[in-house]
């Protein structure tokens, strides 16, 4: 049986935008599916937010003998020069727990494969936070303290588990909100522990705060740019086996 490349995503909306809504099923307590893209077979799992769920989903992929494992998803910009849709393959992933050095020849090879595909690549470091970093002030503070260009909530926890098991790990993050943009709590609070947007909760939030509608539309447009960049990245990886991505 051909070995799969594992893909971990935190949010259902991210995964459905990149890999479509069909073919998902419950497995190991997570939504998962296998999909062929070009020459590669990917096993994709939706972890939901939070370190424990990310670690459990990573172990699900490890138990399925997936290698390498890629954490793909959206991230917030900490650096002011990053725009929605820009893609970062971080050379360093930091968290409050420590740091993962990602500056390997395999990561450089990954960037070589992505660059001709039209993916808007940028360089920099990633910070994995324990909560949503919502305000421009918080983003600026993280940028100054940690010298990171973007922030997510998964990469460090997924990568630490992979490296502990000596399984190659990569992170591919697309920017969905700029450094000077805020994320309304009324919107971010509508995501449940399995990474699903609770539509009824979102509708109630909007009905009680109609002034959020323009901001929601802006976020939706930026999210589309980010997930389109992730689609391009996955197509490029599927079409060009290299290094540890070769069978």
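Numbering (our numbering), first residue to last: -3 to 243.
The C-beta atom is built at its ideal place from N, Cα and C for all residues, glycine as well.
To the nearest angstrom, report how far apart residue 3 and residue 210 are at their CA atoms. Their Cα atoms are separated by approximately 33 Å.
Every unbroken alpha helix (DSSP H) inside the region 107 to 158 [4 residues or more]: The DSSP assignment places complete alpha helix (DSSP H) segments of no fewer than 4 residues inside the region 107 to 158 at 132 to 142, in order along the chain.
Could you give the uninterrupted runs of the alpha helix (DSSP H) lying entirely in the region 60 to 111, keeping only those of 4 residues or more? With a minimum length of 4 residues, the continuous alpha helix (DSSP H) runs that stay inside the region 60 to 111 are 101 to 110.
Backbone secondary structure at residue 1 - three-state DSSP: Correct three-state label for residue 1: strand.
Go to residue 43, then tell me how far its alpha helix (DSSP H) extends in each direction, as first and last residue. Neither: residue 43 is in no alpha helix (DSSP H) and is coded neither H nor E.
Using DSSP with H/G/I as helix, E/B as strand and the rest coil, what is residue 191? Confidence at residue 191 is low in this model, with a pLDDT of 49, below 50, so the placement of that residue is unreliable and no value is reported for it.
Can you give me the Cβ contacts of residue 228 inside the same chain, cut-off strictly under 7 Å, excluding the 5 residues immediately before and after it? If we look at residue 228 and ignore the five residues flanking it on each side, its Cβ neighbours are 113, 114 and 115.
Per DSSP, cross-strand counterpart(s) of residue 170: DSSP output for residue 170 lists 70 and 83 as bridge partner(s).
Buried versus exposed, by CB contacts within 10 Å (16 or more), residue 59: By the neighbour-count rule (16 or more Cβ atoms within 10 Å), residue 59 is not buried but exposed.
Within the same chain, show all residues whose beta-carbon is closer than 6 Å to that of residue 19, passing over the 5 residues directly before and after it, in chain order. Hits under 6 Å: 29.
Collapsed DSSP secondary structure at residue 225 in the structure displayed: The answer is helix: DSSP assigns residue 225 an H, G or I state.
Can you tell me which residues form a DSSP beta bridge with residue 27? Assignment of beta-bridge partners to residue 27 by DSSP yields 22 and 42.
Terminal residues of the alpha helix (DSSP H) in which residue 14 lies: Run containing residue 14: 8 to 15, per the alpha helix (DSSP H) assignment.
CB contact check: residue 157 to chain B, cutoff 9 Å: No chain B appears in the structure shown, which is made up of a single protein chain.
Just to confirm, are residue 83 and residue 169 a CB contact at a threshold of 9 Å? A contact, by the Cβ cut-off of 9 Å.
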